[in-house]
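Residue numbering for the sequence shown follows numbering that gives the first Met the number 0, beginning at 0 and increasing consecutively.
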Amino acid sequence: MTSRVERRPLQERPRGLKPAAQDAKKRQVPETIPNHDEPMTTVLGIETSCDETSAAIVTSTPAESEAPTESDDLRWGNCPCRVLSNVVASQVDLHAKYGGVVPEIASRAHIERLDSVIEEAMAVANRRPEDIDVIAVTNRPGLVGALLIGVTAAKSLSWAWSKPLVGVDHIRAHAYSPAIGAAKSPWPAVGLVVSGGHTSLFRIDDATSIELLGATTDDAAGEAFDKVATILGLPYPGGPQIEKIASKGDPKAVDFPRTMLSPDSLDFSFSGIKTAVLYHVHGNGRTSGGLEGRSRQNIADIAASFQRAVVDVLVRKTMLAVAKTGLNSVVLGGGVAANNVLRSALETCCIERKLAFRAADRAYCTDNAGMIAALGLRQYERGDRAALDLDAYANASVESTAPAEEDRS
Ligand code: KG4
Ligand code: ZN
0 MTSRVERRPL QERPRGLKPA AQDAKKRQVP ETIPNHDEPM TTVLGIETSC DETSAAIVTS
60 TPAESEAPTE SDDLRWGNCP CRVLSNVVAS QVDLHAKYGG VVPEIASRAH IERLDSVIEE
120 AMAVANRRPE DIDVIAVTNR PGLVGALLIG VTAAKSLSWA WSKPLVGVDH IRAHAYSPAI
180 GAAKSPWPAV GLVVSGGHTS LFRIDDATSI ELLGATTDDA AGEAFDKVAT ILGLPYPGGP
240 QIEKIASKGD PKAVDFPRTM LSPDSLDFSF SGIKTAVLYH VHGNGRTSGG LEGRSRQNIA
300 DIAASFQRAV VDVLVRKTML AVAKTGLNSV VLGGGVAANN VLRSALETCC IERKLAFRAA
360 DRAYCTDNAG MIAALGLRQY ERGDRAALDL DAYANASVES TAPAEEDRS
């Protein structure tokens, strides 16, 4: 199992939780138990919407008297939560040979891995079932077969452990993820969420209040990165590969189109640029052979030019959303938010305009349960509870005007 595990030392436990002495030694839990003014809430988050099997433990921030010193290696900040573990088992190896995610394979891999991923998240956080107060699970949007594995596991644990259940929208969690570890609250903000399935601009007033301003009309930005990588003969997943090779290329080498739709539109379209790369490489009407004889440098130039064009559009549209809303804070989340060129271009633009800017930490960009548990905590605090008939949905609640419990699509 390939797993990216974020291990953070646990430096205190809530009052009343007495780990076995042996356990405490193994995990280096200090002898002293802090004095809480208010109870903490501990959330187990589960994420299986696509090709990452993930589980995380997040707690609400304890009272100020417990605030860590600067040397503490903990994710605090004014975001009132702390990520104790965030275990991600990637399925990239399983899907790479098919050039994309195969839903059936994804579901099977989630079934095989989820138990051990949850166990590892609990072990890294040094939490036992009785320490968990809430179970939060992604129940939309995503591959329904994959989502159902996480939802079924979460419902089973909710029932077996008698813990409340919260259903979390994956896109809302990407939008919320920049708040994790932030030094101060980024809300209200314009939020740009760029992932493999979504490219959306939001007005985010706080954790659970979010309004869609614009979305892609065809391919998502991450999807365009992945497809262009295939055109350029790069392995799956394409986004990180494009970024890597583009770092050696000239972003001005090819003038790819920047599709803005209408001048004041906050919607996106990335299918045109994908086709432009295809024609540039293979010539109009041909789909193969165009890579032959091209140097590595030439491929790097095409990748850099493509990346620059996509980033230009994302930054311009985000600034348009800032102008339209009058907000002075911008946040960035989603898998493509891991891209350094995008992060620094958006940051530079925000600095020039004296806007606050916060990109999600890289650990919370690509799919992860940390962001699901963090938003699940906020939803729980606001009284959100799901019943044991919680279902999985392919579409995002925030991108639909239909009622929350519409038909599965
Ligand atoms: O959020 P995410 O993990 O999954 C979805 O919710 O879709 O996003 C995955 C997408 C993929 O398309 C991947 O190629 C892209 O994020 N991605 C990147 C980078 N890292 C991941 N795109 C550009 N540059 C990157 N460094
Ligand atoms: Zn995602």
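For every residue, glycine included, the Cβ atom is placed at its ideal position computed from N, Cα and C. The structure displayed is predicted, hence computed values, not measured ones.
One or two residues paired with residue i in a DSSP bridge
| i | result |
| --- | --- |
| Ser59 | Cys80 |
| Arg202 | Val189, Glu210 |
| Glu51 | Ser89 |
| Leu164 | Ile134, Ala385 |
| Thr215 | Phe267 |
Within 8 Å, strictly: CB atoms of residue i and residue j
| i | j | result |
| --- | --- | --- |
| Val123 | Ala88 | no |
| Ala120 | Ser84 | yes |
| Asn339 | Glu242 | yes |
| Ile371 | Glu51 | no |
| Gly413 | Ala172 | Residue 413 cannot be examined here, being either before or after the span of the chain that is shown, 0 to 408. |
| Leu331 | Pro79 | no |
| Tyr235 | Ala395 | no |
| Lys226 | Lys273 | yes |
| Ala373 | Val86 | no |
| Asp409 | Ile179 | The requested residue 409 does not occur in the structure, where the chain is confined to residues 0 to 408. |
| Ser199 | Leu211 | yes |
| Val143 | Gln378 | no |
| Asn367 | Ala55 | yes |
For residue i, the nearest candidate out of the options (CA to CA)
| i | options | result |
| --- | --- | --- |
| Asn138 | Pro163, Ser396, Ala302, Ala391 | Ala391 |
| Gly99 | Asn367, Gln378, Phe224 | Phe224 |
| Thr41 | Arg127, Ile110, Glu103 | Arg127 |
| Ser53 | Leu354, Pro38, Ala152 | Ala152 |
| Leu252 | His169, Asp300, Val165, Leu326 | Looking at the sequence provided, one finds Ala at residue 252 rather than Leu. Nearest of His169, Asp300, Val165, Leu326 to Ala252, Cα basis: Asp300. |
| Leu292 | Gly271, Val314, Gly232 | Per the sequence shown, residue 292 should be read as Gly rather than Leu. Here the closest residue by C-alpha is Gly232. |
| Met318 | Pro79, Lys162, Gly213, Glu129 | Gly213 |
| Pro256 | Val276, Gly238, Gln240, Leu211 | Val276 |
| Ala358 | Arg295, Val192, Ile110 | Val192 |
| Ser48 | Val167, Trp160, Met39, Asp130 | Val167 |
| Met39 | Glu111, Asp132, Ala95 | Asp132 |
| Cys364 | Ile56, Gln296, His169, Val397 | His169 |
| Leu147 | Tyr175, Thr207, Ile110 | Ile110 |
| Lys162 | Gly180, Ala135, Phe269, Val143 | Ala135 |
| Asp266 | Asp114, Asp383, Thr258 | Thr258 |
| Ala320 | Val82, Leu164, Val189, Val86 | Val189 |
| His93 | Thr60, Val86, Arg107, Tyr379 | The residue you asked about is not His; residue 93 is Leu in the sequence shown. Leu93 has its Cα closest to that of Arg107, out of Thr60, Val86, Arg107, Tyr379. |
| Leu376 | Leu142, Leu341, Lys273, Tyr175 | Tyr175 |
| Ala322 | Arg381, Thr60, Cys348 | Cys348 |
| Gly141 | His197, Gly180, Glu129 | His197 |
| Glu129 | Gln240, Trp160, Asp114, Gly144 | Trp160 |
| Leu345 | Val312, Tyr97, Asn367 | Val312 |
| Ala145 | Arg381, Gln90, Ile244, Ser246 | Gln90 |
Reduced DSSP secondary structure (H/G/I, E/B, other) of residue i
| i | result |
| --- | --- |
| Gly332 | strand |
| Ile131 | coil |
| Pro33 | Reliability of the predicted coordinates at Pro33 is poor, the pLDDT of 38 falling under 50, and the value obtained from them is presented with this limitation in mind. In the structure shown, Pro33 sits in coil (DSSP, three-state: anything other than H, G, I, E or B). |
| Asn367 | coil |
| Thr258 | coil |
| Leu73 | Any reading at Leu73 is ruled out, since the residue's pLDDT is 37, under 50, leaving its predicted position unreliable. |
| Asp249 | coil |
| Ile45 | strand |
| Phe440 | Since the displayed the chain opens at 0 and closes at 408, residue 440 lies outside it and no answer follows. |
| Val143 | helix |
| Thr40 | coil |
| Phe269 | coil |
| Thr317 | helix |
| His197 | coil |
| Ser64 | Residue placement at Ser64 is flagged as unreliable, the pLDDT there being 43, under the threshold of 50; a coordinate-derived value is accordingly withheld. |
| Gly237 | helix |
| Lys323 | helix |
| Val28 | Unreliable placement is indicated for Val28, whose pLDDT of 34 sits below 50; the coordinate value is still reported in the next sentence. Of the three classes helix, strand and coil, the one that applies to Val28 here is coil, per DSSP. |
| Arg361 | helix |
| Val340 | helix |
| Gly282 | coil |
| Ala105 | helix |
| Leu376 | helix |
| Asn297 | helix |
| Tyr97 | coil |
| Asp225 | helix |
| Arg126 | coil |
| Lys243 | helix |
| Ala20 | Per-residue confidence for Ala20 stands at a pLDDT of 31, beneath the threshold of 50, marking its modelled position as unreliable; the derived number appears in the next sentence. Helix, per DSSP. |
is_contact[residue i, chain B] using C-beta, thresh 8 Å
| i | result |
| --- | --- |
| Leu212 | Of the chains in the structure shown, none is chain B; there is only one protein chain. |
Contact test: residue i Cβ vs the ligand PLP heavy atom, cutoff 7 Å
| i | result |
| --- | --- |
| Ser194 | Summarising the ligand content, the structure contains the ligand KG4 and the ligand ZN and does not contain the ligand PLP. |
Three-pair Cβ contact test at 8 Å for the region 289-307 versus the region 175-187: no
Touching by the beta-carbon criterion (3+ pairs, under 8 Å), the region 263-282 and the region 324-337: No, the region 263-282 is not in contact with the region 324-337.
The region 195-205 touching the region 316-333, judged by at least three CB pairs closer than 8 Å: yes
Cβ pair count under 8 Å reaching 3, the region 379-397 against the region 100-110: no
Contact the region 211-218 vs the region 352-366: 3+ CB pairs below 8 Å: no
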